[in-house]
Structures are given as structure tokens and as C-alpha cells.
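Protein chains in written order, with full-length UniProt numbering: chain A, 1 to 325; chain B, 1 to 325; chain C, 1 to 325; chain D, 1 to 325. Note that beta-carbon positions come from the ideal geometry of N, C-alpha and C, so glycine has one too. Each remark here refers to the structure printed beneath this line.
There are 4 protein chains.
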Amino acid sequence: MKKIAVFTSGGDSPGMNACIRAVVRAAIYNQVEVLGIRRGYAGMILGDFVPLDREGVQGIINRGGTILGSARSAEFMTPEGRQKAFEQLQAAGVDGVVVIGGDGSFKGATVFMEEHPEIPFVGIPGTIDNDLYGTDYTLGYDTAINTALEAIDKIRDTAEAYNRLFFVEVMGRDAGFIALRSGIAGGAEAILVPEVETDIPLLIQQIGEYHEKHKHSCIIVVAEGDDAGGAFELAKQVQDKVPYEESRVTVLGHIQRGGTPTCADRVLAAQMGIGAVEALLANKRGIMIGVQHKQVVEVPFEQSTKHNIEISPSLKKVAHILSAI
Amino acid sequence: MKKIAVFTSGGDSPGMNACIRAVVRAAIYNQVEVLGIRRGYAGMILGDFVPLDREGVQGIINRGGTILGSARSAEFMTPEGRQKAFEQLQAAGVDGVVVIGGDGSFKGATVFMEEHPEIPFVGIPGTIDNDLYGTDYTLGYDTAINTALEAIDKIRDTAEAYNRLFFVEVMGRDAGFIALRSGIAGGAEAILVPEVETDIPLLIQQIGEYHEKHKHSCIIVVAEGDDAGGAFELAKQVQDKVPYEESRVTVLGHIQRGGTPTCADRVLAAQMGIGAVEALLANKRGIMIGVQHKQVVEVPFEQSTKHNIEISPSLKKVAHILSAI
Amino acid sequence: MKKIAVFTSGGDSPGMNACIRAVVRAAIYNQVEVLGIRRGYAGMILGDFVPLDREGVQGIINRGGTILGSARSAEFMTPEGRQKAFEQLQAAGVDGVVVIGGDGSFKGATVFMEEHPEIPFVGIPGTIDNDLYGTDYTLGYDTAINTALEAIDKIRDTAEAYNRLFFVEVMGRDAGFIALRSGIAGGAEAILVPEVETDIPLLIQQIGEYHEKHKHSCIIVVAEGDDAGGAFELAKQVQDKVPYEESRVTVLGHIQRGGTPTCADRVLAAQMGIGAVEALLANKRGIMIGVQHKQVVEVPFEQSTKHNIEISPSLKKVAHILSAI
Amino acid sequence: MKKIAVFTSGGDSPGMNACIRAVVRAAIYNQVEVLGIRRGYAGMILGDFVPLDREGVQGIINRGGTILGSARSAEFMTPEGRQKAFEQLQAAGVDGVVVIGGDGSFKGATVFMEEHPEIPFVGIPGTIDNDLYGTDYTLGYDTAINTALEAIDKIRDTAEAYNRLFFVEVMGRDAGFIALRSGIAGGAEAILVPEVETDIPLLIQQIGEYHEKHKHSCIIVVAEGDDAGGAFELAKQVQDKVPYEESRVTVLGHIQRGGTPTCADRVLAAQMGIGAVEALLANKRGIMIGVQHKQVVEVPFEQSTKHNIEISPSLKKVAHILSAI
């Protein structure tokens with residue numbers, strides 16, 4: 001292993017830059033050269049490569065986004081596209097690849113390796129959604145829940161001033177992790193997640209009872225992928241049937257993808273970046289580097305993308321006991 | 001002047017609590033008692049008063065929202081409602097009132113004083129919109145622009161990762177101050193404000209040229225009251241006619257009203273709170289306390305609510321020169 | 001179990017208020033009354049109790065410090081003091097106690113229970129130091145490392161402008177956890193912890209080589225309890241023997257104890273608060289509620305306070321590979 | 001004016017990067033080329049220049065520090081040094097220079113222009129100290145006071161938990177502006193500034209009375225240049241003579257120079273950067289660009305560095321009324 005490549009793929013998440021830095025530094029530590037691939041699989045096909053050394057990753061540890069960019073690539077879905085990507089990597093002398101991304105990125109790598117077993121891929125779970133099996137936390141998740149929480153805190157200020165009802169939509173198309181943790185931490189009166197069927201009539205009844213008893217503001221945190229629909233849809237169904245004079249909707253959107261990564265995300269980035277380089281050096285392939293119980297672990301791609309991660313019953317209970325309603 | 005009342009009214013803004021604290025401490029300093037009126041003019045009509053002393057305003061200097069609450073009051077729009085409010089104030093022995101709020105709150109106070117000249121009102125401009133004449137800054141504006149800016153910074157991270165086009169809607173129904181300052185500070189590629197007619201075809205052309213030349217992400221900051229409509233409406237008209245593959249819309253909404261007040265807002269709260277108490281003690285009435293050029297000034301309510309504040313030509317030029325397009 | 005008491009003890013840490021709230025809400029959920037004890041064991045001896053209900057813990061979830069206060073108590077170290085405390089608890093009808101604190105607080109509770117087995121204590125690890133055995137994280141640690149990290153980020157800005165050498169001292173009298181994580185996340189060039197003997201001549205040599213090779217700023221993060229002494233002592237021994245023109249010392253101090261708790265700390269507060277109430281209801285005693293691998297666990301006091309927690313070899317390796325020198 | 005140079009000098013301050021960006025963009029807008037001078041006057045003497053275009057200032061608007069670096073230069077204090085600097089500028093074809101810095105930087109420029117009138121200098125007040133005459137605010141001041149305030153807020157959390165006495169030292173060698181504003185905004189119980197003689201016996205008496213009456217924590221904010229000495233010195237003189245059981249000292253130090261610039265600082269950077277370029281184009285020289293009452297103004301260097309700026313009597317009164325003691 002003389003030269004490896006690293007790239008970011010899929011939705012960007014805070015900590016990706018810190019992770020690129022860790023990959024580069026760990027490689028240098030092991031006398032391995034590093035190429036950065038710009039704009040994901042699309043850039044791989046085009047051979048859009050840039051050599052990365054210590055100076056190249058200087059000053060990025062605390063920056064959101066990804067200096068390598070990301071993109072979707074329809075072409076990589078085709079054997080021809082993957083063939084081109086393979087040729088570009090070979091031409092550049094790449095012996096192994098670190099892919100920082102999610103579910104889809106790992107599936108792409110798996111198909112690639114079936115066709116081109118010469119070049120091993122190792123994955124790092126970079127996604128704010130925390131929806132990959134085999135790691136306690138994905139890279140960016142801790143920052144995203146803190147961003148969501150700061151927004152909920154601010155909304156509480158104004159909600160409380162008016163005793164208003166707020167619907168706050170956080171990210172999470174298939175998974176309610178962001179909603180659940182930011183909602184518990186923000187003292188949300190209710191938390192709606194895709195993993196649990198939403199009972200609108202019950203919710204309406206509970207909001208009514210809560211208003212009756214406590215006269216305070218009420219914040220409902222909703223994952224974007226909840227079965228009841230997003231926050232706007234939910235508000236439409238609820239607001240005229242509850243005693244609050246006014247309700248408001250906030251959709252946090254892409255601010256959850258940005259921002260300076262938290263300490264936890266940067267430490268995760270460091271552990272995973274080093275773990276990925278060491279795995280390649282140990283001739284591993286097709287695995288995701290996870291962190292479980294603070295220890296670095298290796299999880300086969302197929303396992304990691306199975307997506308059958310369940311909401312923790314313990315946290316569900318916490319939400320149930322602490323929510324107001 | 002033995003006893004004064006203080007209340008918050010209209011949309012809440014960060015710094016209101018610091019201002020309530022300043023009013024109470026300044027009153028105590030001058031041996032004057034203070035009553036807090038809960039929930040604005042509505043609470044005034046109901047006599048929902050609470051004595052405020054040092055302990056009562058302990059620990060609130062850095063908290064968003066307002067401990068006194070706010071509300072709309074249709075009843076106060078009627079002579080009967082104002083008569084009730086007057087009776088409640090008289091019964092409680094109130095000699096003067098400090099109202100922290102905006103435009104509408106000062107107009108309400110003006111009508112009240114015409115009917116009940118016995119009780120003088122002095123106003124403090126508490127609104128994030130910075131749309132009151134006679135003060136360099138309104139209370140909460142500095143916090144709101146920093147909140148908007150933090151969001152724009154986060155969005156830049158993810159926009160840049162994908163070279164995406166973003167439309168970010170900030171508050172400002174009639175005034176573009178939040179959009180202009182947060183947009184300049186966030187390096188927005190274009191800033192759309194109600195005060196300037198938006199030329200959509202020109203905007204489309206400029207976005208196209210910008211993409212052609214620079215290949216970077218593009219962030220358009222839009223005031224909610226812009227004549228082109230909000231961010232969603234704008235995106236609908238623009239996104240298919242520009243070369244960006246993807247565009248995204250973010251509506252910041254009520255997070256702009258919350259949060260810990262900035263240093264500037266807390267100093268403003270201190271200056272204005274003391275200024276209001278001193279004005280009442282000096283038998284002033286019907287004036288708003290402003291701060292101009294760092295000095296406390298007094299501005300008649302009629303002047304302050306004229307609303308003919310123009311966007312600074314100097315800042316418009318700054319935005320023109322620094323925006324990318 | 002009809003009535004429980006809760007108090008905070010030892011050095012305060014962010015998340016204590018969120019935890020008090022969780023204890024109160026979990027108790028109410030289980031039809032149990034709650035008394036708050038003010039100012040730790042000192043207040044227990046004086047019977048300084050306050051009933052806590054939902055309203056009493058309203059709006060504190062995001063506030064640093066502790067609404068119950070904390071204090072040292074020499075008197076509780078004596079059998080007479082503990083006897084008084086016991087009588088106060090009995091007189092107030094307290095059936096069980098939740099103590100949120102560290103090492104010393106649990107030892108105090110252990111001695112108390114030996115003398116007065118009638119009243120069971122359950123502990124929650126509230127300390128920024130992360131130095132209790134049996135829990136992945138203590139309450140307040142995540143906030144503290146983020147506070148330290150923010151400071152290091154700011155110092156990097158100015159250090160880089162001048163290519164300066166900085167010594168940054170973070171908290172940690174016996175444990176280097178804060179230094180290690182904030183140092184890794186801040187990209188520190190070296191991290192000095194009590195658990196590893198500091199080799200000053202080697203450090204001087206490494207700083208020299210680093211300056212020679214990279215010409216960048218250099219930040220050394222030092223735990224206050226490092227064997228080389230704190231940051232001032234270290235700077236004295238190092239600064240004249242390295243090629244940097246200027247060095248600066250920053251001691252972060254008590255800002256690391258304050259601030260709004262992070263999302264992780266608030267979720268921990270929720271899990272631990274509920275866990276403690278449920279443990280008392282299940283007739284447990286003398287145990288600390290920890291969270292391991294995201295699951296709530298119960299750890300006997302004696303185990304938790306053994307203090308033989310080692311720095312993770314994995315993180316030490318990470319620091320070694322990523323540090324510049 | 002075909003080519004201008006820009007550099008940062010003296011202590012760095014947040015907003016310098018945003019200002020460099022504004023200078024570059026304003027120059028490009030006016031078809032003028034820009035050179036960046038690295039490491040202040042020292043780099044000028046060495047001809048350490050780098051061309052700056054749009055890409056070169058991409059992504060720096062929100063970053064603390066200065067991409068151009070800063071340094072002290074003993075050599076520039078000599079005619080020979082200035083002669084070398086002049087030759088370097090001439091050789092590079094520089095027609096005018098923008099210097100972003102403080103007092104000393106402007107004095108250096110003044111002497112330079114006396115000897116080498118061929119090259120005009122225009123200044124931008126970049127310093128956190130707010131101690132330049134002729135501008136309402138200097139660049140970086142608003143960020144610095146918010147950084148100090150955040151620290152005071154965190155210290156209040158832990159001070160309040162223990163009813164402790166804290167001495168917090170903020171920057172300000174000759175000027176108390178940071179102490180005054182952050183102290184007022186942080187609700188400090190006393191604020192000590194260089195401009196007002198500190199009466200230690202009176203302070204001791206007031207702290208005693210405050211403790212007697214209110215039993216709360218007590219935070220004393222001290223400017224580093226206060227006549228009583230810094231926070232450590234003050235604590236030594238005070239702590240044994242007041243009724244607080246414990247006192248703590250925090251010296252905020254260089255964290256006040258770093259961090260993402262606030263919205264106000266970035267708008268100031270934009271206005272001043274453009275103003276400086278326009279002044280050079282209008283053949284102005286030897287002036288500092290200030291902002292007064294939101295308008296860009298030009299102030300001769302001699303005036304700006306006179307240093308006879310007084311603490312606002314209005315703010316002194318505010319501090320007097322609102323402080324606890």
C-alpha cells in the first residue's frame with residue numbers, strides 16, 4: 001500500500017474535514033501517499049484528483065462541509081461508469097480507497113469491488129442520520145443534534161413568551177434519532193418519529209389536556225420522515241382542534257448539515273480516520289470503521305447498510321416519561 | 001412617581017428580560033416601586049400584575065424571551081378595553097408605565113394617553129426588525145442578525161460541498177435590515193429586500209453568469225416581505241432557469257426571535273431601561289427612548305412610528321460591491 | 001417510597017439542572033413527591049429543603065449551574081453532622097435520596113448509609129472530570145470538553161496569526177480526559193496528562209523540530225494536574241529553550257464548569273435521572289446510575305469511586321499519530 | 001492607482017479576514033490589482049507578497065485570525081528598514097497601501113509617508129481594544145466583548161452554585177471598554193477600568209455589604225490595565241477581607257482575540273474595506289477609515305492615535321446604577 005485515495009460522498013456532514021485530515025495524517029505517519037478525490041464518485045470517474053499533504057489539510061479540523069466536495073453520480077450506477085473510475089484510480093496508482101459517506105456510498109463501493117477486486121475500499125460512516133448499523137454514532141450526528149437543540153432552545157424562548165404551540169421539523173427521512181435526542185434534550189412536549197406510528201387524534205387530545213393543565217408553550221418535534229407527514233402537514237391536521245390560539249411551524253432544514261463539528265464528532269473523525277488507514281494497511285476491504293463502546297470496530301458493508309436499526313427502547317421510555325403529554 | 005409598571009408587548013425580542021431587569025434596578029435605585037404587567041395590554045386589562053424586586057429579576061439578564069409574556073389584545077383596541085386597563089392601573093397605584101415593544105404598542109399607548117392623561121407612558125423599542133425611527137438600533141436586532149448569520153454560515157458549509165443554490169428567508173415583513181446586514185456578513189451572492197423592487201429576470205441572468213464564472217455555491221438571502229414573495233415563491237420562479245443542478249430553500253423563522261442576547265443588545269437594554277425610568281421621573285411622556293451615536297435620546301412616539309426609515313444607501317452600495325453577482 | 005429528596009454536591013457541572021428536572025418528572029410520573037435539598041450536605045444538616053414540582057423545574061433544562069446550589073460541608077464528615085442530617089431527612093418524611101455529584105459525594109453517602117440504613121441513597125455521576133468508574137461518560141463532561149475546545153479554536157486563530165507557541169491549561173486534577181479529547185479535537189501539537197509522565201527535554205526537542213519543519217503555531221494542551229505542573233510552570237521550563245519568538249499561557253479555569261449543557265449531557269441527565277428514581281423504587285441503594293454503551297446500568301458506589309480509570313490506549317494512540325510532534 | 005497592497009499589523013482581531021476580503025473585492029470592482037503582504041511590516045521589508053484575487057479570499061469571511069499573519073518589526077522602526085520596505089513596494093509596483101491595525105501601525109505608516117511620500121497609506125482600525133479616536137467601533141471589538149460576555153455568563157453559572165466571589169480579567173491595557181461593556185452585559189457586581197482610580201477599601205466595604213444583603217455570587221470584572229493591578233493582584237488584596245468563603249480568579253486572555261467575527265464586525269469590515277479602497281482611489285492618504293453613526297468617515301492618522309478617548313459618562317452611570325454594589 002503506497003498510495004491511497006480518500007473522498008466524501010452522499011449528504012455532507014460536520015466532521016468530514018476533520019476526518020480527511022486524520023486520514024491524511026495517519027497515512028503520512030505510515031509513509032503512505034494520499035490523493036483526494038473531488039466531488040465523490042463523479043470526480044472519481046473524471047479523475048478529479050488532488051494530492052493531499054499536511055499543508056493541504058491544515059486549518060480544516062474545525063470547518064463544516066467538506067473541502068473535497070460531494071455530488072451524486074448517475075454514471076457510477078452503470079458498469080461503464082465504474083470501469084472508467086477504476087481506470088482513473090489505476091492510472092493514478094491508487095492502491096486503496098477510503099470512502100466517507102453513508103448507506104448508498106457503501107453500496108456503490110461494494111458493487112465496484114465485485115467488478116474490480118484489485119482496489120479495496122474501506123468506509124467511514126459520515127452522515128448526520130445515525131442510521132448505519134455497527135457504530136454507536138455516525139460522523140456528524142452529534143453536531144447535528146446540537147444544532148437542532150440550539151434551535152429548539154431559541155424557539156422555546158419565543159414560544160414561552162406567547163404560550164404558543166410550535167411544530168419543529170428536524171432531519172431524518174427514515175430514522176428518528178435526531179428528533180428523539182434533540183427532542184428529549186429540548187424538553188419537547190411530544191416527539192414524532194418514523195419508527196412509531198403517529199396517532200393524530202391521541203396527539204390532539206394530549207395537547208388539549210396539556211394546555212388545560214399547564215398553560216405553557218408546547219413544542220412538538222417531528223422527524224421529516226414521520227408517517228404523519230412533516231411539520232406543515234401535521235400543523236394543518238392539528239392546529240384547529242387544539243386550544244392554543246396560535247401555532248407556528250419551523251423547518252430547520254440544511255442548517256443541520258453545517259457548522260463547526262463538536263468535540264465528540266472530531267474525536268470520532270480522528271479515531272475513524274486512523275482506523276480506516278490501518279484497516280487498508282492490514283489488507284482489509286469492504287468494511288466500515290465504526291466506534292462501539294468507545295472502541296474502534298470493523299463492520300462488513302453488508303451489515304452496516306442493513307438499516308434495521310431500532311430506536312432504543314430506553315430512549316423511547318425516557319421521552320415518554322419526560323414529555324409533558 | 002412612587003410606583004411604575006413595566007410590560008412587554010408585540011413580538012418578543014432578545015434583550016427584553018435584560019431590559020426589564022434594568023428598569024427594575026433603575027427604579028429601585030430611585031426609590032420607586034415596580035409592578036410587572038403580564039401578557040401585555042391583555043394582562044393590563046385583567047390586572048394581571050406582579051411586584052418586581054431585585055430577586056424577581058435575578059438571573060434573567062442572559063435569557064431570551066420575556067418573563068412577563070406578551071400577547072395580542074383586541075380588547076385594548078376599544079375605548080372600553082382601555083378604560084378597564086386604566087382602572088386596573090389606578091387601582092394598583094401606578095404612576096407611570098414603561099412599554100417595551102414596537103410600532104403597534106406605541107400607538108396603543110398614544111391613544112390610551114389621549115383618553116387617560118393621568119398616566120404617562122414611556123416606550124422602549126423592543127423588536128428585532130430595527131424599523132423604528134429615532135434609534136440607531138432596536139432591542140433584539142443585533143441578536144437576531146447574529147442568529148441569522150450563524151444559520152447562513154452553516155448553510156454555506158453544505159452549499160459549498162455541493163455547489164448548490166440556496167434561498168434563505170430571514171425575518172422582515174416591511175423592512176430589509178435583517179436581510180441586508182446578515183446577507184453582507186454572510187457573503188450572500190444576492191440580497192433581496194422589500195425596499196428595493198426585485199427584478200427576477202435580471203436575478204436569473206446574474207445567477208447564471210455567476211455560476212459560469214465561479215462555479216461556487218450561491219446563497220440568496222430574502223427578507224420575508226420582499227416584493228418577489230418569500231424564499232419558496234422565489235425558488236419556484238428561479239430554479240429551473242439557472243444552471244445549478246439543485247436548489248434548496250431554508251426559512252429561518254422564529255429561531256430569530258430567541259436566544260441569549262448579545263453584548264450590544266444587553267448594553268442597549270441597560271441604557272434604555274435606565275433612560276425610561278429617568279424620563280418618567282422627569283415627567284416625560286409619549287416618548288420612545290432611543291440610542292443614537294451611543295447616546296440616549298428621547299423621541300416622540302409619533303416620530304418613532306412613522307416607519308419611513310430607509311435602507312442606508314451606504315449599506316446598499318456595500319452589498320452591491322461585495323455580492324458576487 | 002412516597003417522598004424522595006434530590007441534591008447536588010461537589011463541583012457543579014453542566015446538566016445538573018436538566019438532571020434535577022428529570023428526577024422530579026420521573027418521580028411525579030411514579031406518584032412520588034420530591035424535596036430539593038439546597039447547598040449539598042451542608043443544607044441537609046440544616047434542613048434547607050424546598051418542595052419541587054413541575055413548575056419548580058420549569059425552564060431549567062438548558063441552564064448551567066444548579067438551582068439547588070452546592071457547598072462543602074466539614075460538618076458532614078463527622079458522625080454528629082450525619083446524625084443531624086438523618087434527623088432532618090426523617091423529619092421531612094424522606095424515604096430515599098438521589099445525590100448528583102462525584103467521588104466524595106458518593107463516599108459521604110456510603111458512610112451515611114452505614115450509620116443510617118433506613119434511608120437509601122442512589123447516585124448520579126455529576127462531574128466534568130469523567131473520572132468515575134462504571135459509566136462511559138459523567139454528567140457535564142461533554143459540555144466541558146466542548147467549552148475547552150471552543151477556547152482552543154479561538155486561540156488557534158490568534159496563535160496562527162503570529163506563529164506563536166501557546167500553553168493552554170484545561171481542568172483535570174487527577175485525570176487527563178478533558179485534555180486528551182479537547183486536545184485531539186483542537187488539533188493540539190502536544191497533550192500532557194497526569195496519567196503519562198511528562199518528559200520535558202523530549203518535549204523541548206519535539207517543539208524545536210516541529211517549528212523547524214512546519215513554521216506553524218504550536219498549541220500544547222496541559223491538564224492542570226499534569227506532573228510537569230500547570231501551564232505557567234511548563235511555560236517557564238520550556239519557552240526559552242524553543243525557537244518560538246513568543247509564547248503565551250491561557251488557563252481556562254471555571255468557564256469549563258458553566259454554560260448551557262450539550263445535547264449529549266441533557267440526554268444523559270434524562271436517562272440518569274429516571275434511572276435513579278426507578279432504582280430507589282426498586283429498593284436499590286448504594287449504587288451509581290451509569291450509562292454504558294447507551295444503556296443505563298447500576299454500579300456499586302465502592303466500584304465507581306475506585307478511581308483506577310485508565311486513559312484509553314486507543315485515544316493515546318490517536319493523539320500520538322495526529323499530534324504534530 | 002493600478003495596484004494596491006493590503007496587510008494586517010499589530011495584535012490580530014476578529015474581522016481582519018472579512019476586511020481583507022472586502023478590500024480585495026472592492027479593488028477588483030474598481031479594476032485594481034491587490035497584493036497581500038504577509039506578516040506585517042516585517043514581511044513588507046522582505047517583500048513577502050502574495051497576489052490576492054477572488055479565489056484567494058474565498059471562504060475566509062467567517063474565520064478569526066488573519067490569513068496574512070502579523071508580526072512585530074523592530075527593523076521598520078529604523079529609516080533603513082523603511083527604505084527597504086519602500087523599495088520592495090516599488091519593485092512590486094504598489095501604488096497605495098491599506099494597513100489594518102492599531103495605533104502603532106498607523107504611526108509607522110505616518111513616518112513611512114514622511115520619508116516616502118510616493119506611496120500613500122490608508123488605515124483601517126483593526127483592534128479589539130476600541131481605543132482609536134474617530135470611529136464608533138474598531139474592528140474586532142464587538143466580537144471580543146461577546147467572547148468576554150460568554151465567559152462571564154458561564155462563570156456566573158458556577159459562581160451562583162457556590163455563592164462565590166470571582167475576579168474576571170478581560171483585555172484592555174490602557175482602555176476599559178471591553179471591561180465596561182462586557183461587565184454591564186454580564187451583570188457584574190463591580191467593574192474596574194484603567195480610566196477610573198480603584199479604591200480598594202471602598203470595594204472591600206461594598207462587597208461586604210452586598211454579601212450581607214443579597215447572599216448571591218459576586219463577579220468583579222477587571223481590565224488588565226486597571227491601576228489596582230490585574231485580577232490576581234486584586235484578589236490577593238481583597239479576598240481575605242470580605243465575607244465570601246471562597247474566591248476564584250479567571251484571566252480570559254487570548255481567547256478574546258479569536259473566534260468567528262460577529263455580524264456587526266463583518267459589516268464594519270465590509271464598510272471599512274470598501275472605504276479604504278475608495279479613499280486610495282480618491283488620492284487620500286494618511287487617514288483612518290472610521291464608522292461614525294453608521295456612516296463611513298475619514299480621520300487623519302494623527303487624530304485617530306491621540307488616545308484621549310474617554311469612557312462614556314453615560315455608560316459609567318449605567319454601570320453604577322446596575323451594578324449591585
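By Cβ distance below 7 Å, which residues in the same chain neighbour residue i in space, the five residues on each side in sequence not counted?
i	result
Gly176 (chain A)	Val193, Pro194, Glu195, Ala223, Ile311
Arg164 (chain C)	Ser217, Tyr244, Glu246, Ser247, Arg248
Lys215 (chain A)	Asn163
Lys241 (chain A)	Ile204
Just to confirm, are residue i and residue j a CB contact at a threshold of 8 Å?
i	j	result
Ser304 (chain C)	Tyr141 (chain C)	no
Gly123 (chain D)	Val99 (chain D)	yes
Arg38 (chain D)	Leu68 (chain D)	yes
Val299 (chain C)	Gly290 (chain C)	yes
Thr250 (chain D)	Val168 (chain D)	yes
Leu89 (chain A)	Leu268 (chain A)	no
Ile220 (chain C)	Ala188 (chain C)	yes
Ile128 (chain B)	Ser13 (chain B)	yes
Phe121 (chain B)	Arg285 (chain B)	yes
Pro79 (chain A)	Glu115 (chain A)	yes
Ala42 (chain C)	Ala71 (chain C)	yes
Start and end of the alpha helix (DSSP H) containing residue i?
i	result
Gly183 (chain A)	177-185
Gly286 (chain C)	Looking at the DSSP string, Gly286 (chain C) is not in any alpha helix (DSSP H), and its letter there is neither H nor E.
Leu46 (chain C)	40-46
Leu322 (chain C)	313-322
Gln303 (chain B)	301-304
Val24 (chain D)	16-29
Who are the neighbours of residue i on chain E, taking C-beta pairs under 7 Å?
i	result
Lys294 (chain A)	Structure shown: chain E not included; protein chains present are A, B, C and D.
Kindly indicate the opening and closing residues of the beta strand (DSSP E) around residue i.
i	result
Gly123 (chain B)	121-125
Lys3 (chain B)	3-8
Glu83 (chain A)	With the sequence shown as reference, residue 83 (chain A) is identified as Gln, and Glu is not the correct amino acid for it. Segment 79-91 is the alpha helix (DSSP H) holding Gln83 (chain A); no beta strand (DSSP E) there.
Phe166 (chain C)	165-170
Glu33 (chain B)	33-37
Val50 (chain D)	49-51
Identify, in the order they occur along the chain, each residue of the same chain with its Cβ nearer than 8 Å to the Cβ of residue i, setting aside the five sequence neighbours on each side.
i	result
Ile184 (chain C)	Ile191, Leu315, Val318, Ala319, Leu322
Glu212 (chain D)	Pro243
Please list, in chain order, all residues of the same chain as residue i whose beta carbon is under 6 Å from its beta carbon, the five residues on each side excluded.
i	result
Gly81 (chain D)	Ile45, Glu75
Gly292 (chain B)	Per the sequence presented here, residue 292 (chain B) reads as Gln, with Gly not at that position. So the list reads Asp136, once near-sequence residues are dropped.
Ser105 (chain B)	Ser9, Gly10, Val99
Arg63 (chain A)	Asn17
Going residue by residue through the segment 191-263 of chain D, where are the continuous beta strand (DSSP E) segments of at least 3 residues, counting only ones entirely within it?
Positions of the beta strand (DSSP E) runs, each at least 3 residues long and wholly inside the segment 191-263 of chain D, are given as 218-223, 247-251 in order along the chain.
Whether or not the segment 147-156 of chain C and the segment 252-261 of chain D are in contact is what I'm after, with contact meaning three or more pairs of Cβ atoms, one per stretch, closer than 8 Å; do they touch?
Note that the segment 252-261 of chain D touches the segment 147-156 of chain C; at least 3 beta-carbon pairs, one per stretch, sit closer than 8 Å.
Only counting runs of 3 or more residues, tell me where the beta strand (DSSP E) segments fall wholly within the segment 90-162 of chain D, in order along the chain.
Counting whole runs of 3 or more residues, the segment 90-162 of chain D contains the beta strand (DSSP E) stretches 96-101, 121-125.
Three or more C-beta pairs under 8 Å: does that hold for the segment 259-275 of chain B against the segment 225-241 of chain B?
No: the two stretches stay apart, fewer than three of their Cβ pairs being nearer than 8 Å.
Please determine if the segment 12-20 of chain D and the segment 46-57 of chain A are in contact, where contact requires at least 3 C-beta pairs separated by less than 8 Å.
When Cβ pairs closer than 8 Å are counted between the two stretches, the segment 12-20 of chain D is seen not to touch the segment 46-57 of chain A, the count staying below three.
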